[in-house]
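Report on the following structure.
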Amino acid sequence: EYLTMLRKLRSLDKVKRVFIRSGIRYDYMMKDKDDEFFKELVEHHVSGQLKVAPEHASNKVLDLMGKPHIEVYEQFGKKFYKYTKECGKEQYLVPYLMSSHPGCTIKEAVELAVFLKKHNIRPEQVQDFYPTPGTISTAMYYTGLDPYTMKEVYVPREPHEKEMQRALLQYFKKENKQIVAKALIKAGRTDLIGYGKECLITPDGLSLPQDRKGTAKNGKNSSSKAKTHQRQGYQSGGRSKNKQKKR
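Residues in the sequence shown are numbered from 6 upward in steps of one, following the working numbering.
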């Protein structure tokens, strides 16, 4: 019915374009057997950028959010760029992302940063989790429990940790370099400090302990740990320019 409505709108004499900028459930689109809606969306209804909401890259956090696993978003991205190329267009995905959601430790925040680096996603604005009435996430925030399982959920509350999680989403900014380094040390991921392609930051200008296991040496990341923490996926090549929504 939605596709039929879009076709009718496109057929109106005084309507030149019908754009969908956000609100698409990409997980539902991936269940479409013939991709008919997907193809028409890409060809007719994207104005340069399409905003979608994976929100995180850690499946542990996504489970608590009630969101599909990141592999679904990666598969969606592959199809999006495939159909975009077939249409001869230059279009990008702009992901909504969130830091400090209940269940997200520094470890999961680093996992998200690695995902962003791998897919060349550089969000210019990011959003910390903010509790809002009537949501499961807010219930977790105040109780420290998953209401479905009654298991304890870690809630990042300390301002310095929230600052680190937020900075990791913008690891590429010079002003965030020191705080990102502290976050990586705290997470035991100094293998991501170096000159390798997997590294988030270089050691230039940093005062780092030289005896830590995995610390970058000789201009290369000395640990293979970073590789084991990465996921298979697509290259987006896009940059996020949107302000993330509050959850």
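For every residue, glycine included, the Cβ atom is placed at its ideal position computed from N, Cα and C.
Everything numeric in this text was worked out from a predicted model, so none of it was measured.
In this structure, what does DSSP give as the bridge partners for residue 97? Within the sequence shown, the letter at position 92 stands for residue 97. Paired residue(s): 54.
Examine the Cβ distances between the stretch 183-196 and the stretch 128-137 and report whether three or more of them are shorter than 8 Å. no
State the DSSP-derived secondary structure class of residue 132, mapped to helix, strand or coil. Numbered from its first residue, the sequence shown carries residue 132 at position 127. Residue 132: strand per DSSP, three-state reduction.
With a threshold of 8 Å on Cβ separation, who are the neighbours of residue 225 within its own chain once the five nearest residues in sequence on each side are excluded? Locating residue 225 in the sequence shown gives position 220, counting from the first residue. Low confidence applies to residue 225: its pLDDT is 46, below 50, so where it sits in the model is not reliable, and the reading given next is rough at best. So the list reads 199, 200 and 201, once near-sequence residues are dropped.
What does DSSP give as the partner residues of residue 27 in its beta bridges? The residue you call residue 27 lines up with position 22 of the sequence shown. In DSSP, residue 27 forms no bridge with anything.
Separation of residue 161 from residue 167, as counted between CA atoms: On the sequence shown, position 162 is the one that residue 167 refers to. On the sequence shown, position 156 is the one that residue 161 refers to. Rounded to the nearest angstrom, the gap between the Cα atoms of residue 167 and residue 161 is 7 Å.
Using three-state DSSP, classify residue 70 as helix, strand or coil. Here residue 70 refers to the residue found at position 65 when the sequence shown is read from its first residue. Helix at residue 70.
Please determine, among 45, 12 and 58, the residue with the shortest C-alpha to C-alpha distance to residue 29. In the sequence shown, residue 29 corresponds to position 24, counting from 1. Of the listed residues, the one whose Cα sits closest to residue 29 is 58.
Validate contact between the stretch 148-164 and the stretch 98-113 using beta carbons, cut 8 Å, 3 pairs: yes
Pick out whichever of 169, 147 and 100 has its Cα sitting closest to the Cα of residue 184. The residue you call residue 184 lines up with position 179 of the sequence shown. Of the candidates 169, 147 and 100, 169 places its Cα closest to the Cα of residue 184.
Tell me which residue opens and which closes the alpha helix (DSSP H) that residue 165 is part of. To locate residue 165, count along the sequence shown from 1; it is residue 160. Element bounds for residue 165: 164-174.
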